[in-house]
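Line order of the protein sequences matches chains A and B. Per full-length UniProt numbering, the very first residue in the first sequence carries number 1; after that it's consecutive. Per full-length UniProt numbering, the very first residue in the second sequence carries number 1; after that it's consecutive. Where is the CB? At the ideal position from N, CA and C, for every residue including glycine. Everything on this sheet refers to the single structure shown next.
2 protein chains.
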Amino acid sequence: MKSRPRPISQGDVAAACGLSEMTVSRVLRGQRGVSPATIASVQAAARDLGYVPNRIAGALAGARVPLVAVIVPGLSNMVFPEVLMGLAEGLEGSGLQPVLGLGNYDSATEERVLAELLAWRPSAVVLTGLEHGARTREMLVRAAVPVVEIMDCDGPGIDCVVGLSQRAAGQDMGRAVLEAGYRNAVLLQSGQQGDRRQESRLAGFAEVLEGAGVPILGRLAYDGPSSVPKGRALAEAAITRWPEAEFLYCTNDMIAAGALFALQAAGRAVPGQTGLAGFSGLEILAGLAPRIATTDTRRFEIGRKAGEVILARLEGAAPGLRHEIAPRLDPGETLRR
Amino acid sequence: MKSRPRPISQGDVAAACGLSEMTVSRVLRGQRGVSPATIASVQAAARDLGYVPNRIAGALAGARVPLVAVIVPGLSNMVFPEVLMGLAEGLEGSGLQPVLGLGNYDSATEERVLAELLAWRPSAVVLTGLEHGARTREMLVRAAVPVVEIMDCDGPGIDCVVGLSQRAAGQDMGRAVLEAGYRNAVLLQSGQQGDRRQESRLAGFAEVLEGAGVPILGRLAYDGPSSVPKGRALAEAAITRWPEAEFLYCTNDMIAAGALFALQAAGRAVPGQTGLAGFSGLEILAGLAPRIATTDTRRFEIGRKAGEVILARLEGAAPGLRHEIAPRLDPGETLRR
DNA sequence: TGGGTCTGTGGTATCGATAACAGGACGCTA
DNA sequence: TAGCGTCCTGTTATCGATACCACAGACCCA
Numbered sequence: 001m002k003s004r005p006r007p008i009s010q011g012d013v014a015a016a017c018g019l020s021e022m023t024v025s026r027v028l029r030g031q032r033g034v035s036p037a038t039i040a041s042v043q044a045a046a047r048d049l050g051y052v053p054n055r056i057a058g059a060l061a062g063a064r065v066p067l068v069a070v071i072v073p074g075l076s077n078m079v080f081p082e083v084l085m086g087l088a089e090g091l092e093g094s095g096l097q098p099v100l101g102l103g104n105y106d107s108a109t110e111e112r113v114l115a116e117l118l119a120w121r122p123s124a125v126v127l128t129g130l131e132h133g134a135r136t137r138e139m140l141v142r143a144a145v146p147v148v149e150i151m152d153c154d155g156p157g158i159d160c161v162v163g164l165s166q167r168a169a170g171q172d173m174g175r176a177v178l179e180a181g182y183r184n185a186v187l188l189q190s191g192q193q194g195d196r197r198q199e200s201r202l203a204g205f206a207e208v209l210e211g212a213g214v215p216i217l218g219r220l221a222y223d224g225p226s227s228v229p230k231g232r233a234l235a236e237a238a239i240t241r242w243p244e245a246e247f248l249y250c251t252n253d254m255i256a257a258g259a260l261f262a263l264q265a266a267g268r269a270v271p272g273q274t275g276l277a278g279f280s281g282l283e284i285l286a287g288l289a290p291r292i293a294t295t296d297t298r299r300f301e302i303g304r305k306a307g308e309v310i311l312a313r314l315e316g317a318a319p320g321l322r323h324e325i326a327p328r329l330d331p332g333e334t335l336r337r
Numbered sequence: 001m002k003s004r005p006r007p008i009s010q011g012d013v014a015a016a017c018g019l020s021e022m023t024v025s026r027v028l029r030g031q032r033g034v035s036p037a038t039i040a041s042v043q044a045a046a047r048d049l050g051y052v053p054n055r056i057a058g059a060l061a062g063a064r065v066p067l068v069a070v071i072v073p074g075l076s077n078m079v080f081p082e083v084l085m086g087l088a089e090g091l092e093g094s095g096l097q098p099v100l101g102l103g104n105y106d107s108a109t110e111e112r113v114l115a116e117l118l119a120w121r122p123s124a125v126v127l128t129g130l131e132h133g134a135r136t137r138e139m140l141v142r143a144a145v146p147v148v149e150i151m152d153c154d155g156p157g158i159d160c161v162v163g164l165s166q167r168a169a170g171q172d173m174g175r176a177v178l179e180a181g182y183r184n185a186v187l188l189q190s191g192q193q194g195d196r197r198q199e200s201r202l203a204g205f206a207e208v209l210e211g212a213g214v215p216i217l218g219r220l221a222y223d224g225p226s227s228v229p230k231g232r233a234l235a236e237a238a239i240t241r242w243p244e245a246e247f248l249y250c251t252n253d254m255i256a257a258g259a260l261f262a263l264q265a266a267g268r269a270v271p272g273q274t275g276l277a278g279f280s281g282l283e284i285l286a287g288l289a290p291r292i293a294t295t296d297t298r299r300f301e302i303g304r305k306a307g308e309v310i311l312a313r314l315e316g317a318a319p320g321l322r323h324e325i326a327p328r329l330d331p332g333e334t335l336r337r
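As structure tokens, then:
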């Protein structure tokens with residue numbers, strides 16, 4: 001066997017079994033219309049030679065690039081990693097590969113990353129949220145590929161939308177709080193300021209409570225990444241300022257966990273005297289006692305559904321533009337019964 | 001302006017400014033040897049037309065594919081998401097895009113995913129750990145690209161290795177436990193059975209203790225994903241079986257958090273009566289009181305270093321084959337002083 | 001037995017960029 | 001002014017696959 005300077009190509013396989021490249025291509029893509037004997041011979045040759053197809057060439061020729069551009073703001077809080085796992089499952093077996101871009105919670109970065117990813121002419125694009133810059137929208141329209149916006153379905157999307165209604169999630173929790181009989185509440189938030197999803201959620205919550213005559217005493221915000229200690233600090237500040245507070249609605253489970261510690265340290269009975277709830281359903285906190293009330297956003301499901309929608313679109317189906325993945329309210333043990 | 005059925009190509013830009021494709025290509029890649037006037041004219045035309053280069057075509061022609069294949073076992077425990085963020089930072093500005101594959105903690109899947117990713121002819125490959133199947137190794141050798149194995153640097157790698165010595169990390173914790181004066185220990189583990197990194201770590205720990213005459217009373221394992229409740233169950237079983245246990249060394253922070261709850265529920269003073277330690281340095285648990293002793297593996301650093309090594313290799317430098325990122329032992333508050 | 005569909009296979013153009021080489025214009029030196 | 005090097009730009013071939021069309025032979029039915 002003579003040494004090849006270049007990796008094995010389809011042509012080598014074709015030569016090895018005395019067929020044309022075209023036939024080899026057909027066999028390797030599993031197209032029908034090839035005789036069983038030919039199929040066997042091609043497969044054997046490909047295996048023997050250790051042939052690895054070149055998708056770059058295939059993509060250029062086929063005008064179909066089996067890549068999906070995925071832009072998430074970050075990976076630091078378990079939300080998007082789970083979405084990615086769901087997406088990977090949804091795309092499983094389709095031959096589509098996700099290409100990851102990090103938007104860094106910042107629309108200028110998102111735009112830059114999107115431009116880089118679009119240079120690969122992906123077959124579909126997944127982005128987070130519904131708010132995007134004008135140039136971002138323009139690029140996406142020009143790209144003329146399916147676009148799936150995930151995590152939020154409260155407004156109009158560019159194309160498809162897969163997510164939850166943040167507002168409805170807030171409202172649900174609001175109703176649960178009313179049922180539990182709390183007579184006022186405080187909002188605790190952190191993370192990127194002006195986060196639209198968070199705002200909708202808190203608005204939905206406040207709406208329901210105030211509609212029932214239960215006042216929102218106030219809101220404390222920390223402009224930076226969420227963490228348990230930060231939640232603790234926020235909650236301490238809250239109960240100092242509003243000692244009469246009966247319920248703390250936190251924008252996520254980490255803040256809520258910190259708030260729980262603060263309440264316990266302050267000697268307040270949970271959930272009797274003061275209740276609290278978070279948001280996300282972070283599994284890592286499942287072991288805390290008492291279990292924190294939260295809204296499980298089913299991120300894995302969202303990712304998987306996004307994958308399915310993409311596949312449907314690429315097969316020419318019209319899977320509908322809005323897919324709501326209803327979140328699940330988990331009352332845990334920090335809401336009165 | 002007439003409607004174009006196809007997206008704008010380099011040829012269109014060339015036509016628009018009356019130059020050859022080659023010159024446009026040179027300008028857009030920032031090659032030197034083009035007059036300033038030409039550069040300006042090309043850039044203006046490209047901007048006006050909204051030209052997005054086609055990397056697929058560029059890759060095919062240039063024999064250089066600006067993609068990095070990254071295979072991690074999963075994204076479920078915050079370890080690999082952080083590595084990915086580090087990697088993204090390390091590759092920042094180089095034009096290299098990571099393509100993600102999930103190996104699902106299973107070497108057959110890893111192999112399949114690797115084959116798929118290699119079909120893109122990536123410029124480099126990043127994988128996790130040092131254990132890989134024979135076919136995996138063969139594919140990598142044949143691919144003839146830089147390979148970086150991350151997270152473990154206790155053995156020989158295929159090419160470059162960036163990570164920590166799991167054994168040394170275990171030894172370090174062992175020494176800390178000796179200094180604290182504990183007189184025996186129990187090992188608690190979960191996750192994939194036969195995980196080599198975990199094994200090395202526990203071995204290093206046990207080695208140091210036994211070398212000093214401090215016995216390992218035993219080991220309890222749960223073959224499944226780690227979680228706080230699982231850690232609690234393991235720890236409960238451990239103190240039932242070995243009531244005399246003075247120290248619990250857990251394979252990760254989630255197990256350790258559960259173990260902490262178990263000890264507290266059993267009324268054992270921590271760290272006075274019984275100490276414990278985890279592994280990873282999961283930030284999400286930073287708010288627990290007492291803070292759990294752990295080993296911060298600096299995953300972000302590992303990812304970033306991997307990116308830097310890849311860049312160096314692609315530029316022809318020889319950055320060294322083994323890069324140890326020393327972990328940091330954080331004594332927290334669950335080790336006696 | 002002739003004309004039709006159906007199967008299985010091959011030939012050729014093409015995808016959109018880059019590598020390698022070619023060559024004109026210009027300025028400088030002898 | 002011949003000769004030579006530099007700077008800038010263009011021409012041609014190529015990367016490795018797929019789309020599209022062509023076509024030979026098997027088979028069917030009237």
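Against residue i, what residues of chain B qualify as contacts under a CB-to-CB distance less than 9 Å, listed in chain order?
{"i": "residue 42 of chain A", "result": "Ordered by position in chain B, no residue passes the 9 Å Cβ test against residue 42 of chain A, which lies about 17 Å from the chain."}
{"i": "residue 261 of chain A", "result": "287, 288, 289"}
{"i": "residue 52 of chain A", "result": "115, 118, 119, 121, 139, 142, 143"}
List, in order along the chain, the chain A residues whose C-beta lies closer than 8 Å to that of residue i?
{"i": "residue 125 of chain B", "result": "The contacting residues do not exist; residue 125 of chain B stays about 13 Å from chain A at best."}
{"i": "residue 258 of chain B", "result": "287"}
{"i": "residue 76 of chain B", "result": "81, 82, 85"}
Give me the chain B residues within the contact set of residue i, using Cβ-Cβ distance strictly less than 8 Å, ordered along the chain.
{"i": "residue 283 of chain A", "result": "227"}
{"i": "residue 188 of chain A", "result": "Going along chain B, no residue has its Cβ under 8 Å from residue 188 of chain A, so there is no contact; the nearest lies around 14 Å."}
{"i": "residue 65 of chain A", "result": "56"}
Using the Cβ count rule (16 or more neighbours within 10 Å means buried), how would you classify residue i?
{"i": "residue 365 of chain A", "result": "Because chain A is modelled from 1 through 337, residue 365 of chain A falls outside the range shown and cannot be assessed."}
{"i": "residue 185 of chain B", "result": "buried"}
{"i": "residue 97 of chain B", "result": "buried"}
{"i": "residue 141 of chain A", "result": "exposed"}
{"i": "residue 211 of chain B", "result": "exposed"}
{"i": "residue 3 of chain B", "result": "Since pLDDT at residue 3 of chain B reaches only 39, below the 50 mark, its modelled position is unreliable, and the value read off the structure follows with that caveat. Exposed."}
{"i": "residue 298 of chain B", "result": "buried"}
To the nearest angstrom, report how far apart residue i and residue j are at their CA atoms.
{"i": "residue 322 of chain B", "j": "residue 247 of chain A", "result": "53 Å"}
{"i": "residue 245 of chain B", "j": "residue 84 of chain B", "result": "38 Å"}
{"i": "residue 172 of chain A", "j": "residue 240 of chain A", "result": "28 Å"}
{"i": "residue 275 of chain A", "j": "residue 318 of chain B", "result": "59 Å"}
{"i": "residue 337 of chain A", "j": "residue 182 of chain A", "result": "11 Å"}
{"i": "residue 7 of chain A", "j": "residue 26 of chain B", "result": "28 Å"}
{"i": "residue 324 of chain A", "j": "residue 169 of chain A", "result": "12 Å"}
{"i": "residue 138 of chain B", "j": "residue 205 of chain B", "result": "34 Å"}
{"i": "residue 92 of chain A", "j": "residue 92 of chain B", "result": "28 Å"}
{"i": "residue 279 of chain B", "j": "residue 252 of chain B", "result": "4 Å"}
{"i": "residue 119 of chain B", "j": "residue 302 of chain A", "result": "28 Å"}
{"i": "residue 254 of chain A", "j": "residue 284 of chain B", "result": "7 Å"}
{"i": "residue 107 of chain A", "j": "residue 40 of chain A", "result": "51 Å"}
For residue i, which residues from the same chain have a beta carbon less than 6 Å from its beta carbon, with the 5 sequence-adjacent residues on both sides left out?
{"i": "residue 419 of chain B", "result": "Not covered by the structure: residue 419 of chain B. The range shown for chain B is 1 to 337."}
{"i": "residue 348 of chain A", "result": "In the structure as shown, chain A starts at 1 and stops at 337, and residue 348 of chain A therefore has no counterpart that could be examined."}
{"i": "residue 1 of chain B", "result": "Confidence at residue 1 of chain B is low in this model, with a pLDDT of 39, below 50, so its placement is unreliable and the value that follows should be read with caution. Within the same chain, residue 1 of chain B has no close Cβ partners at all."}
{"i": "residue 200 of chain A", "result": "154, 166, 167"}
{"i": "residue 75 of chain B", "result": "81"}
{"i": "residue 121 of chain B", "result": "65"}
Residues in its own chain within less than 7 Å of residue i by CB, not counting five upstream and five downstream?
{"i": "residue 306 of chain B", "result": "87, 90, 126, 148, 150, 162"}
{"i": "residue 223 of chain B", "result": "193"}
Return the chain-ordered list of same chain residues with a C-beta closer than 8 Å to the C-beta of residue i, the five sequence neighbours on each side being excluded.
{"i": "residue 335 of chain B", "result": "176, 177, 180, 271, 275, 277, 293"}
{"i": "residue 146 of chain A", "result": "123, 124, 125, 159, 160, 309, 310, 313, 314"}
Could you name the residues of chain B that residue i contacts, counting a contact when the two beta carbons are closer than 7 Å?
{"i": "residue 57 of chain A", "result": "60"}
{"i": "residue 232 of chain A", "result": "287"}
{"i": "residue 88 of chain A", "result": "102"}
Are the beta-carbon atoms of residue i and residue j separated by less than 7 Å?
{"i": "residue 113 of chain B", "j": "residue 95 of chain B", "result": "no"}
{"i": "residue 226 of chain A", "j": "residue 191 of chain A", "result": "yes"}
{"i": "residue 128 of chain A", "j": "residue 42 of chain A", "result": "no"}
Closer than 6 Å to a non-hydrogen atom of the ligand NAD - does that hold for the CB of residue i?
{"i": "residue 21 of chain B", "result": "For the ligand NAD, the structure offers nothing, since it holds no ligand at all."}
Which chain A residues sit within Cβ distance under 7 Å of residue i?
{"i": "residue 45 of chain B", "result": "None at all; the shortest Cβ gap to chain A is about 16 Å."}
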